[in-house]
């Protein structure tokens with residue numbers, strides 16, 4: 398995986414994670430004292446807008462990384478960080494599908510179920526992907542550097 402791919406994916410994942418959890422907190426955990434208020438916090442709509450705008454870029458860069466990183470690892474055997482990578486992949490799919498369906502669903506029952514799936518998969522994805530990054534960093538630290546060839 399190239400450095401710009403890793404940097405872009407990690408930056409966009411941070412933006413999507415922070416805005417998603419900020420919106421979740423503002424919508425479900427905060428209460429506004431005004432009985433006529435439509436939102437619980439003045440930034441609530443901005444957090445949702447930024448989350449929805451950043452998500453397609455996040456999905457796009459994931460597609461690029463899927464091609465350059467995930468496909469190479471799927472065919473290989475005995476990869477130390479494979480379990481967290483595959484778990485992240487499945488959670489990413491659940492997160493994306495539920496996020497898309499949240500925007501087009503009209504049934505209250507489906508909306509509630511999709512919110513639960515989206516929030517749960519997003520929360521677990523955050524933890525598993527963080528573990529994936531930590532394990533990758535530890536593996537890179539102990540991986541021997543390639544020997545430089547002398548040019549005659």
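Numbering (the numbering used here), first residue to last: 398 to 549.
Idealized CB from N, CA, C, for every residue including glycine.
Computed from a predicted model, the values in this text were never measured in an experiment.
Inter-residue Cα distance where the pair is residue 493 and residue 540: By one-based count along the chain shown, residue 493 stands at place 96. By one-based count along the chain shown, residue 540 stands at place 143. Approximately 33 Å, taken between the alpha carbons.
Within 10 angstroms of its Cβ, does residue 452 collect 16 or more other Cβ (buried), or is it exposed? Along the chain shown, one-based indexing puts residue 452 at 55. So residue 452 ends up on the buried side.
Indicate whether residue 448 and residue 416 have their beta-carbon atoms separated by less than 7 Å. Within the chain shown, the letter at position 51 stands for residue 448. Within the chain shown, the letter at position 19 stands for residue 416. Cβ distance < 7 Å, so residue 448 and residue 416 count as in contact.
Status (buried if at least 16 other CB within 10 Å, exposed otherwise) for residue 504: Numbered from its first residue, the chain shown carries residue 504 at position 107. Classification for residue 504: exposed.
Quick check on DSSP: helix, strand or coil for residue 519? Here residue 519 refers to the residue found at position 122 of the chain shown. Under the three-state reduction of DSSP, residue 519 is assigned to helix.
Find out if the Cβ-Cβ distance for the pair residue 398, residue 419 is shorter than 7 Å. Position 1 of the chain shown, counting from 1, holds the residue named residue 398. Position 22 of the chain shown, counting from 1, holds the residue named residue 419. The answer is no: Cβ separation not under 7 Å.
Start and end residues, alpha helix (DSSP H) containing residue 427: Position 30 of the chain shown holds residue 427. Boundaries for residue 427: no alpha helix (DSSP H) harbours it, and the DSSP string shows neither H nor E there.
Grab me the residues of residue 424's own chain with a C-beta within less than 7 Å of its C-beta, minus the 5 sequence neighbours each way, in chain order. Within the chain shown, residue 424 is the residue found at index 27, counting from 1. The answer, listed in chain order, is 437, 441.
Same chain, Cβ closer than 8 Å to residue 477, neighbours up to 5 away in sequence not counted: Residue mapping note: residue 477 aligns to position 80 of the chain shown, counting from 1. Closer than 8 Å at the Cβ level, and outside the excluded window around residue 477, lie 532, 536.
Is it the case that the stretch 458-475 contacts the stretch 517-534, given that we only count it when at least three CB pairs across the two stretches are under 8 Å? With the cut-off at 8 Å, the stretch 517-534 and the stretch 458-475 do not touch.
Give the DSSP-derived three-state secondary structure of residue 485 in the structure shown. Here residue 485 is taken as the residue at index 88 of the chain shown, counted from 1. When DSSP states are grouped into helix, strand and coil, residue 485 belongs to the helix group.
Between residue 429 and residue 479, what straight-line distance do the alpha-carbon atoms span, to the nearest angstrom? Taking the chain shown and counting its residues from 1, one reaches residue 429 at position 32. Taking the chain shown and counting its residues from 1, one reaches residue 479 at position 82. One alpha carbon belongs to residue 429, the other to residue 479, and they sit about 45 Å apart.
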